[in-house]
Amino acid sequence: MVRIMCMGAGYVGGPTMAVIAEKCPDVTVVVCDISQRQIDAWNSDDLPIFEPGLDEIVQNCRGKNLFFSTSIDEEIQKADIIFVSVNTPTKTQGIGAGRAANIKNCELCARTIAKVAKEPKIVVEKSTVPVRTADSMRRVLAANGGSVKHQILSNPEFLAEGTGIEDLRNPSRVLIGGLQNAEGLKAIEVLASVYANWVPRERIITTNLWSSELSKLVANAFLAQRISSINSISALCEVSGADVDEVARAVGADYRLGPHFLKASVGFG
393 MVRIMCMGAG YVGGPTMAVI AEKCPDVTVV VCDISQRQID AWNSDDLPIF EPGLDEIVQN
453 CRGKNLFFST SIDEEIQKAD IIFVSVNTPT KTQGIGAGRA ANIKNCELCA RTIAKVAKEP
513 KIVVEKSTVP VRTADSMRRV LAANGGSVKH QILSNPEFLA EGTGIEDLRN PSRVLIGGLQ
573 NAEGLKAIEV LASVYANWVP RERIITTNLW SSELSKLVAN AFLAQRISSI NSISALCEVS
633 GADVDEVARA VGADYRLGPH FLKASVGFG
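393 is the number of the first residue of the sequence shown in this note's numbering; add one for each residue after it.
Next comes the structure, spelled out in structure tokens:
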């Protein structure tokens, strides 16, 4: 049976692994983090993250096929699939400071995997990252892993706060990107077969690595663009006497546009 490890016990890693454990009772899932305090919280009755439904899943699965641990090296050796779900904060210095994402945590995870793993692993990039981050991680793995050849996949999250568990249980799509060679396609199928335990195959989209990474960023940009657009329209409503909520409702009734993310608010525009 497949054994899954996640590096990073944050908002994405914790809930995602909990739902995988819930939907795949024969799969052992271990969430790891360097913070003992974070792991202790996941092992308590006061979880570090609140999402409706999450507490129930953790209570039902923890100690059965869902575990939380700081034993990172040990779990890397045991795992078949390793999710990398770590922070990618905005760079504070150097090229892109104030704008670009800092992927040093992803590279540190790759370096740790390469140092510890004695057998090939499927490494899954779960964090929101710039395009070609997988290539950087692959170079780190190759430079530090000796003769062991790992496969890198991109599997971005599409979660919204407050509906994260429902988004995982009933996703609009699961996106998996990998290299388009025999080894890469095999790794894609291994991960797809995990999700296929509860996600219909037609919702599991497989692409090359770079299409998967870029799709996540494009989705974020399109959603932000919609909010920015309706905020701009709200300024026009102010001077014309129109009601922005009524305008949004009328525009959102068009099936080509839809009603989502057309609520004027602070943040964009």
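Where is the CB? At the ideal position from N, CA and C, for every residue including glycine.
Assigned with DSSP and collapsed to three states, Met409 falls in helix.
By the neighbour-count criterion, in which 16 or more other beta carbons inside 10 Å mark a residue as buried, Pro444 falls on the exposed side. Val508 is positioned such that its CB atom lies no closer than 7 angstroms to that of Asp438. Contact fails between the segment 603 to 623 and the segment 580 to 588, because fewer than three Cβ pairs, one in each stretch, are under 8 angstroms apart. In the three-state reduction of the DSSP assignment, Leu458 falls in the strand class, which pools E and B.
Spanning the alpha carbons of Asn494 and Ala642 requires a straight line of approximately 41 angstroms. With a cut-off of 8 angstroms on Cβ pairs, the segment 621 to 636 is not in contact with the segment 453 to 463, counting fewer than three such pairs. The beta carbons of Val532 and Glu575 sit no closer together than 7 angstroms. In the structure shown, the three-state DSSP call for Gln485 is coil.
Residue range Leu601 to Ser632 is occupied by the alpha helix (DSSP H) that includes Phe614. The C-alpha of Glu511 is placed about 17 angstroms away from the C-alpha of Cys398.
A straight-line Cα-Cα distance of about 8 angstroms links Arg454 and Asn435. Contact between the segment 631 to 646 and the segment 553 to 566 is absent, with fewer than three C-beta pairs closer than 8 angstroms. Bounds of any alpha helix (DSSP H) do not take in Gly490, whose DSSP letter is neither H nor E.
Excluding its 5 nearest sequence neighbours in each direction, Ile431 has C-beta neighbours in its own chain below 6 angstroms: Asp425, Phe460 and Thr462, listed in chain order. The DSSP-derived three-state label of Ile468 is helix.
Per DSSP, the beta-bridge partners of Ile597 are Leu567.
Taking the Cα positions, Gln469 is about 9 angstroms away from Lys513.
At the C-beta level, Val450 and Ala502 stay beyond 7 angstroms of one another. Contact between the segment 476 to 484 and the segment 516 to 530 is established, with three or more Cβ pairs separated by less than 8 angstroms. Along the length of the segment 512 to 599, whole beta strand (DSSP E) runs at least 3 residues long occupy 514 to 517, 543 to 546 and 566 to 570, reported in chain order.
In the structure shown, the three-state DSSP call for Thr504 is helix.
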